[in-house]
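Counting in the UniProt record's numbering, the sequence shown runs from 1 upward without gaps.
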Amino acid sequence: MKVCFVCLGNICRSTMAEFVMKSLDESGALWVESRGTSSWEQGNPIHQGTQKILIKYGIPFDVTKQSQQIKLSDLKNNDLLIAMDTENLTDLLDLSNGQWDDKIKLFVPGGVPDPWYTGDFEETYQLVMEGCRKWLSYCLNRLENVENR
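Dropping the structure here:
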């Protein structure tokens with residue numbers, strides 16, 4: 001199953017979710033990536049605050065990862081696209097234009113506050129960890145149901 005987390009710039013929340021999910025998925029059952037809805041941070045590395053919190057909690061990450069903007073091909077090629085907040089959700093649904101809406105979900109009700117603005121990477125990490133545990137369970141159950149058909 002291919003999963004893509006999406007936030008605004010792809011340097012904080014979605015990147016954090018990508019690497020948290022990869023660390024939780026011990027079976028390697030998922031292909032996990034992340035994107036941003038805007039091009040503002042295109043090509044930039046993971047935010048220092050995100051890197052610091054991942055290091056603090058021992059979450060491995062790719063130091064060479066660069067921000068990438070979401071494209072139509074990402075909507076087509078992923079099984080699940082998870083928006084980190086309601087604005088990201090709206091942007092994804094607009095891009096989908098009804099074609100892949102069933103693949104697009106909100107990470108948690110109310111969304112995850114953007115630490116680029118709040119400066120609170122700890123809060124973001126706690127919300128991301130809690131949400132990723134639930135999404136991992138959802139994805140693995142979905143895979144199991146497909147295999148049992």
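The C-beta atom is built at its ideal place from N, Cα and C for all residues, glycine as well.
Computed from a predicted structure; not experimentally measured.
With a Cβ-Cβ cutoff of 8 angstroms, do residue i and residue j count as a contact?
{"i": "residue 38", "j": "residue 14", "result": "no"}
{"i": "residue 32", "j": "residue 22", "result": "yes"}
{"i": "residue 9", "j": "residue 36", "result": "yes"}
{"i": "residue 20", "j": "residue 59", "result": "yes"}
Under three-state DSSP, which class holds residue i?
{"i": "residue 100", "result": "coil"}
{"i": "residue 8", "result": "coil"}
{"i": "residue 51", "result": "helix"}
{"i": "residue 22", "result": "helix"}
{"i": "residue 126", "result": "helix"}
{"i": "residue 105", "result": "strand"}
{"i": "residue 115", "result": "helix"}
{"i": "residue 137", "result": "helix"}
{"i": "residue 91", "result": "helix"}
To the nearest whole angstrom, what separates the beta carbons of residue i and residue j, a pair I think is in contact under 8 angstroms?
{"i": "residue 45", "j": "residue 66", "result": "6 angstroms"}
{"i": "residue 125", "j": "residue 53", "result": "5 angstroms"}
{"i": "residue 75", "j": "residue 93", "result": "Wrong, their Cβ atoms sit about 10 angstroms apart, outside the cutoff."}
Alpha carbon to alpha carbon, how far is residue j from residue i? Give it in angstroms, no decimals.
{"i": "residue 57", "j": "residue 122", "result": "10 angstroms"}
{"i": "residue 25", "j": "residue 97", "result": "31 angstroms"}
{"i": "residue 77", "j": "residue 104", "result": "12 angstroms"}
{"i": "residue 62", "j": "residue 80", "result": "22 angstroms"}
{"i": "residue 41", "j": "residue 91", "result": "16 angstroms"}
{"i": "residue 144", "j": "residue 64", "result": "33 angstroms"}
{"i": "residue 11", "j": "residue 47", "result": "5 angstroms"}
{"i": "residue 50", "j": "residue 112", "result": "14 angstroms"}
{"i": "residue 129", "j": "residue 139", "result": "15 angstroms"}
{"i": "residue 18", "j": "residue 4", "result": "8 angstroms"}
{"i": "residue 146", "j": "residue 119", "result": "41 angstroms"}
{"i": "residue 100", "j": "residue 72", "result": "10 angstroms"}
{"i": "residue 107", "j": "residue 2", "result": "15 angstroms"}
{"i": "residue 141", "j": "residue 127", "result": "21 angstroms"}
{"i": "residue 29", "j": "residue 84", "result": "22 angstroms"}
{"i": "residue 114", "j": "residue 87", "result": "11 angstroms"}
{"i": "residue 133", "j": "residue 16", "result": "13 angstroms"}
Where DSSP assigns a beta bridge to residue i, which residues make up the other side?
{"i": "residue 3", "result": "32, 80"}
{"i": "residue 69", "result": "36"}
{"i": "residue 45", "result": "66"}
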